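According to my numbering, numbering within the sequence shown proceeds without interruption in unit steps and concludes at 343. The C-beta atom is built at its ideal place from N, Cα and C for all residues, glycine as well. Note that the coordinates shown come from a computational prediction; the quantities given were computed from them, not determined experimentally.
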Amino acid sequence: MQLDSDIEEVILDPLIPWEKLRGRKVVVTGATGLIGSLLLRTLLVVDDRKHLNLKIIGTSRNVELAKSKLGNISTNITITRLENLKDEPVLDFIIHTAAPTDSSTFIHNPVEVINDIYQDLYFLLSLCQKHSITSFVQLSTMEIYGISDGKGVSEDCPGVLDSFSLRASYPEAKRLAETLCRAFFEEYGTPCKVARLTQCFGAGVNLDKDQRVFADFAQKASNGLPIVMFTQGESCRSYIYTSDAVRAIFFILLKGKPGEVYNVANPSTFCSIRDMAESLSELCNTTVQVRLDPVVAKKYCKTNKINLDVSKLKKLGWSPKISLIESFQRMIRGHNEKTTKML
Numbered sequence: 001m002q003l004d005s006d007i008e009e010v011i012l013d014p015l016i017p018w019e020k021l022r023g024r025k026v027v028v029t030g031a032t033g034l035i036g037s038l039l040l041r042t043l044l045v046v047d048d049r050k051h052l053n054l055k056i057i058g059t060s061r062n063v064e065l066a067k068s069k070l071g072n073i074s075t076n077i078t079i080t081r082l083e084n085l086k087d088e089p090v091l092d093f094i095i096h097t098a099a100p101t102d103s104s105t106f107i108h109n110p111v112e113v114i115n116d117i118y119q120d121l122y123f124l125l126s127l128c129q130k131h132s133i134t135s136f137v138q139l140s141t142m143e144i145y146g147i148s149d150g151k152g153v154s155e156d157c158p159g160v161l162d163s164f165s166l167r168a169s170y171p172e173a174k175r176l177a178e179t180l181c182r183a184f185f186e187e188y189g190t191p192c193k194v195a196r197l198t199q200c201f202g203a204g205v206n207l208d209k210d211q212r213v214f215a216d217f218a219q220k221a222s223n224g225l226p227i228v229m230f231t232q233g234e235s236c237r238s239y240i241y242t243s244d245a246v247r248a249i250f251f252i253l254l255k256g257k258p259g260e261v262y263n264v265a266n267p268s269t270f271c272s273i274r275d276m277a278e279s280l281s282e283l284c285n286t287t288v289q290v291r292l293d294p295v296v297a298k299k300y301c302k303t304n305k306i307n308l309d310v311s312k313l314k315k316l317g318w319s320p321k322i323s324l325i326e327s328f329q330r331m332i333r334g335h336n337e338k339t340t341k342m343l
């Protein structure tokens with residue numbers, strides 16, 4: 001199974017210091033999410049292989065959904081709601097992945113997006129104070145950089161964001177989250193680290209339900225249908241496969257410097273939306289069609305070119321492995337395996 005292979009790829013990385021987790025309690029928020037669920041699965045496997053005696057906790061707003069999604073492994077992980085963490089006597093490591101990711105939510109429920117991102121993080125950082133936590137990682141986004149010219153964007157680039165734009169709720173809330181992490185570090189010494197991820201995808205994405213561009217393109221192409229674009233596809237960005245992202249998160253958690261932020265991307269994948277569509281159409285032997293629709297286009301970011309510089313993360317020993325085409329191949333394979341299993 002592709003998902004199992006991805007997990008194996010992570011735990012066999014010789015530069016991840018898994019021993020630092022021995023006998024510790026690790027919390028991953030967002031248990032139903034793509035990254036959160038893969039982190040939990042990876043922790044469970046590495047605990048079994050290396051006999052680390054971990055206590056693994058996953059949080060979700062919908063506990064039953066999380067248990068259903070994680071399947072049999074949920075019996076070996078404590079799945080609970082975020083607020084119940086206040087009752088835990090000890091917390092050692094927290095990876096905070098939970099956040100809204102649907103563009104339509106950013107547009108139609110912006111108040112809730114801002115409130116959820118801020119309130120959940122403040123709650124967790126307050127717990128960090130109480131428990132003298134060893135390491136805390138906040139997942140952030142490349143969108144905090146705003147408009148860019150396509151050149152390498154390092155962590156100290158300020159970026160330009162229009163706070164009054166239609167979908168500003170998400171990147172502005174993530175900026176605030178980063179500021180809150182830095183504030184807790186400076187004022188209380190909380191060992192916060194921020195991972196700024198580019199767009200991430202891989203095995204585990206539900207191509208039939210996910211409406212993001214990469215998923216929509218892959219769903220159409222893998223079924224032999226034309227890839228339909230509603231913009232000219234001029235925006236450029238880098239991408240990252242899930243196993244590469246999860247490895248990066250563990251590097252940051254266990255080797256990153258508190259109070260710092262790290263870009264997470266695969267620079268070799270940098271391309272335009274149009275180029276991505278063309279590559280995928282060649283892979284799946286289909287076509288690309290452009291149907292300009294200003295109404296549909298509103299849910300997408302404005303045309304932008306952002307290529308994250310990952311030099312800082314590489315200094316920790318991390319490097320990306322999975323190309324853009326292989327990322328699509330693995331994602332489609334994982335989706336087909338899951339679909340076949342359900343039949």
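Under 8 Å between C-beta atoms of residue i and residue j
i	j	result
THR179	TYR239	no
GLY204	GLY334	yes
ASN307	PRO267	yes
ILE133	ASP92	yes
VAL113	ALA173	yes
THR29	THR97	yes
CYS200	CYS236	no
ARG339	ASP6	Going by the sequence as given, residue 339 is Thr instead of Arg. Contact flag unset, no.
THR269	SER323	yes
GLU337	GLN2	yes
LEU65	ASP120	no
GLY152	ASP309	yes
PRO17	LEU280	no
N- and C-terminal bounds of the beta strand (DSSP E) containing residue i
i	result
TYR170	Segment 169-188 is the alpha helix (DSSP H) holding TYR170; no beta strand (DSSP E) there.
GLY58	55-59
LEU161	That residue, LEU161, is in no beta strand (DSSP E); it is neither H nor E in DSSP.
ILE227	227-229
VAL290	288-290
LYS20	Here LYS20 belongs to no beta strand (DSSP E), and DSSP marks it neither H nor E.
Helix, strand or coil at residue i [DSSP, three-state]
i	result
LYS321	coil
LEU12	coil
CYS128	helix
ASN206	coil
THR105	helix
ILE273	helix
ASN266	strand
SER135	strand
THR339	helix
ARG330	helix
VAL310	coil
ILE7	helix
ILE144	helix
SER222	helix
CYS284	helix
LYS193	strand
LYS86	helix
GLU260	strand
SER279	helix
Residue from the options whose Cα sits closest to the Cα of residue i
i	options	result
GLU8	LYS338, ALA177, ARG247 and ILE273	ARG247
GLU282	PRO226, PRO171 and GLY256	PRO226
SER222	PHE328, VAL153, GLU187 and PRO158	PHE328
THR190	VAL213, HIS131 and LYS151	HIS131
ASP48	SER60, ALA31 and ARG22	ARG22
LEU52	LEU38, LYS25, ALA31 and ASP116	LYS25
LEU15	SER154, GLY256 and ALA66	GLY256
THR59	LEU44, SER37 and GLY71	SER37
VAL290	ILE73, LEU280 and ARG274	ARG274
GLY233	PHE214, LYS220 and PHE251	PHE214
GLY33	LYS69, VAL160 and LYS55	LYS69
ILE249	GLU143, SER126 and VAL137	VAL137
LYS20	LEU3, LYS50, PRO100 and GLN2	LYS50
ALA87	LEU124, HIS108 and VAL310	Per the sequence shown, the amino acid found at residue 87 is Asp instead of Ala. ASP87 has its Cα closest to that of LEU124, out of LEU124, HIS108 and VAL310.
ASN115	THR286, PRO100, GLU155 and SER104	PRO100
LYS55	LEU313, ASN62 and VAL46	VAL46
LYS312	THR303, PHE251, CYS284 and ALA183	PHE251
ASN206	GLU155, ILE332, ILE73 and LYS67	ILE332
SER103	ARG167, PRO294, ASN84 and CYS181	ARG167
Opening and closing residue of the alpha helix (DSSP H) in which residue i lies
i	result
GLN199	Looking at the DSSP string, GLN199 is not in any alpha helix (DSSP H); the run it does join, the beta strand (DSSP E), is 199-201.
VAL246	242-255
ILE77	It is not in any alpha helix (DSSP H) - ILE77 carries neither H nor E in the DSSP assignment.
THR42	34-50
VAL63	63-70
Rounded distance between the beta-carbons of residue j and residue i, thought under 8 Å
i	j	result
TYR262	ARG196	7 Å
SER169	PHE217	Contact flag wrong, Cβ pair sits at about 25 Å.
ILE94	VAL27	5 Å
VAL10	THR42	5 Å
MET229	ALA177	Contact doesn't hold; Cβ gap of about 32 Å is too wide.
GLY143	PRO110	Here the sequence assigns Glu to residue 143, which means Gly is not the residue at that position. With 8 Å as the limit, GLU143 and PRO110 do not qualify as a contact, their Cβ atoms being about 14 Å apart.
ILE77	LEU40	6 Å
ASP244	LYS321	6 Å
GLY202	ARG330	6 Å
LYS231	LEU292	Checking the displayed sequence, the identity of residue 231 turns out to be Thr instead of Lys. Confirmed, Cβ separation roughly 7 Å.
ILE382	LEU139	The structure shown has nothing for residue 382, since the chain only spans 1 to 343.
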